[in-house]
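Using the numbering used here, the first residue of the sequence shown is number 175, and each one after it goes up by one.
Note that beta-carbon positions come from the ideal geometry of N, C-alpha and C, so glycine has one too.
Here is the structure we will look at, set down as structure tokens.
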Amino acid sequence: MDKLPDVIPLTPYYREMVWGGRRLAALYGKALPDDALIGESFELSAYEGRESRAADGRSLRELVETHRADLVGAAVWARYGGRFPLLIKLLDAQQDLSIQVHPDDEYAQRKGLVDSGKMEAWYVLQSDGGRVACGLAEGVGRAEFVAAHAANRVAEVVRFYPVAQGDVLFVPPGTVHALCQGVVLYEVQQTSDLTFRIYDYGRPRELHWEQALEVIDFAQCLPGPVSHPVLRGQVLVESEHFVLRGCGLDSGQAEHRAEESFLALTVVRGRARVGECALGTGATALVPAGRVCEVAPLGGEKLEYLIASVPV
């Protein structure tokens, strides 16, 4: 793959988690390892040790090292260098995840951490009566949160929302949040694994209370989930690190231009022809910067897909 194709389908890396399950195989035909409880499918990832791969076996990390600005775009390369800026996962929560928070870039740099901060956004793919936590309950400031932690009542002062397919949430750094049992979602985020666990329902995993207290934004006021039951070309999330769009087609085709940034396209309903490649539901492909791809539904099914890019 010395010459970059217009579309690069990716094979994910699967990560076993204590809260994971098997629904990514049942819903999307993912080739999960036998008997493993998979919580995360790294669909677009250059994170070391968890890389997604092209058809020739090369990791996204290797492709970035080889093709540099030709792959990601000159402006993206100038901003991020060799650090591929985005990571896309599918998550399957069969148990409640820890209540946690992520730091921002400034904190990560000040502390000399290897990873960047972690901004993320969620698109709910399926919810069996599930919910998510995002933000603190009304009237909860630092003092109230510290008191709740001391009394082992953190889950009582976090704001929970029921979610359904098509709900979108923006989760900036400093947001106390959690994914809960029964939810499958798409997540786009900065390429980072910086997570400070606050409360983990008694599981014997390390907690990071002091670090979490340093980075929680107690002044933050976030909206709840925004429902997008139909994708029709709208911007779902626009932030300093990524833009997420939702697109849909019943027939015909759409043209997408990866101008100054690469595009990451993930099919969330139906099957798609993307350039010369066929993508099933749950599959992701990378369109290098400067390329144009045509997308069309396959098999007479309604097609819906998400496109993530870097704002430049």
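Hey, out of the options, whose CA is closest to residue i's CA?
| i | options | result |
| --- | --- | --- |
| residue 383 | 320, 362 and 257 | 320 |
| residue 404 | 239, 223 and 420 | 420 |
| residue 289 | 324, 246, 337 and 363 | 363 |
| residue 291 | 285, 304 and 277 | 277 |
| residue 295 | 410, 457 and 443 | 410 |
| residue 213 | 355, 255 and 252 | 355 |
| residue 466 | 457, 427 and 220 | 427 |
| residue 376 | 416, 328 and 406 | 328 |
| residue 309 | 301, 303, 353 and 266 | 353 |
| residue 366 | 192, 423, 225 and 207 | 225 |
| residue 440 | 257, 261, 266 and 196 | 261 |
| residue 395 | 241, 280, 196 and 311 | 311 |
| residue 340 | 360, 348, 331 and 326 | 360 |
| residue 237 | 401, 484 and 462 | 462 |
| residue 370 | 358, 357 and 389 | 389 |
| residue 300 | 264, 459, 239 and 240 | 264 |
I need the straight-line Cα distance from residue i to residue j, nearest angstrom please.
| i | j | result |
| --- | --- | --- |
| residue 481 | residue 391 | 29 Å |
| residue 200 | residue 351 | 27 Å |
| residue 230 | residue 217 | 16 Å |
| residue 450 | residue 203 | 21 Å |
| residue 249 | residue 342 | 28 Å |
| residue 313 | residue 444 | 43 Å |
| residue 283 | residue 415 | 16 Å |
| residue 346 | residue 293 | 5 Å |
| residue 205 | residue 316 | 44 Å |
| residue 433 | residue 323 | 47 Å |
| residue 472 | residue 446 | 5 Å |
| residue 333 | residue 275 | 14 Å |
| residue 244 | residue 469 | 22 Å |
| residue 413 | residue 196 | 32 Å |
| residue 454 | residue 486 | 30 Å |
| residue 280 | residue 476 | 43 Å |
| residue 397 | residue 271 | 21 Å |
| residue 430 | residue 182 | 15 Å |
| residue 268 | residue 219 | 23 Å |
| residue 303 | residue 335 | 11 Å |
| residue 223 | residue 474 | 38 Å |
Please state whether DSSP places residue i in a helix, a strand or coil.
| i | result |
| --- | --- |
| residue 382 | coil |
| residue 287 | coil |
| residue 266 | strand |
| residue 245 | helix |
| residue 184 | strand |
| residue 312 | coil |
| residue 440 | strand |
| residue 279 | helix |
| residue 217 | strand |
| residue 415 | coil |
| residue 321 | helix |
| residue 423 | strand |
| residue 211 | coil |
| residue 409 | strand |
| residue 235 | helix |
| residue 201 | helix |
| residue 229 | coil |
| residue 253 | helix |
| residue 306 | strand |
Please name the residue or residues paired with residue i in a DSSP beta bridge.
| i | result |
| --- | --- |
| residue 258 | DSSP lists no partner for residue 258. |
| residue 467 | 430 |
| residue 458 | 184 and 440 |
| residue 483 | 417 and 437 |
| residue 341 | 401 |
| residue 195 | 212 |
| residue 354 | BP columns for residue 354 are empty, so no partner. |
| residue 297 | 342 and 360 |
| residue 224 | Its beta-bridge partners do not exist; DSSP assigns none. |
| residue 179 | BP columns for residue 179 are empty, so no partner. |
| residue 472 | 445 |
| residue 453 | 446 |
| residue 477 | 423 |
- Item | Minimum length 3: unbroken beta strand (DSSP E) runs contained in the region 359–407 | Taken in chain order, the complete beta strand (DSSP E) segments of 3 residues or longer contained in the region 359–407 are 370–373.
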